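Contents: one structure, followed by commentary.
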Amino acid sequence: MLGTVSFTKTTRGNDFIDHLEKGKVIYTHCKTCHADFFPPRADCRGCLPSDREWREVLGAGKLVSYSQLQ
Ligand SMILES: [Zn+2]
Numbered sequence: 025m026l027g028t029v030s031f032t033k034t035t036r037g038n039d040f041i042d043h044l045e046k047g048k049v050i051y052t053h054c055k056t057c058h059a060d061f062f063p064p065r066a067d068c069r070g071c072l073p074s075d076r077e078w079r080e081v082l083g084a085g086k087l088v089s090y091s092q093l094q
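Written out as structure tokens, the structure reads:
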């Protein structure tokens, strides 16, 4: 599994992990103030309670580092 340890605190539910396992990286977008959050957040820090949506990160990226738990 990918990234489960570092992202569990910032997600509510398993949407982020579910998408990672399908090969997709997603973030949250606040429909009210148009802020983007990565790692995804359950709530917008600017305008609680927020009306958020999940969006997929598009394009190429560069992996900076990773770790593997055994
Ligand atoms: Zn907001």
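In terms of my numbering, the sequence shown opens at residue 25 and continues consecutively. Using N, Cα and C, we set each Cβ at its ideal position, and we do this for glycine too. Computed from a predicted structure; not experimentally measured.
The beta carbon of Lys55 lies closer than 7 angstroms to those of Asp75, Arg76 and Glu77 in the same chain, with the five residues before and after it left out.
Not a single heavy atom of ligand 1 lies less than 7 angstroms from the C-beta of Gly47. If you check the C-beta of Thr52 against ligand 1, you find no heavy atom less than 7 angstroms away. With a cut-off of 7 angstroms, the C-beta of Gly70 is classified as near ligand 1, since at least one heavy atom of the ligand falls inside that distance. The C-beta of Pro64 has 16 or more other C-beta atoms within 10 Å across all chains shown, which makes the residue buried.
The beta-carbon separation of Tyr51 and Arg79, rounded to 6 angstroms, stays under the 8 angstroms limit for a contact. Judged by DSSP secondary structure, His53 falls outside any alpha helix (DSSP H) and instead within the beta strand (DSSP E) spanning Ile50 to Cys54.
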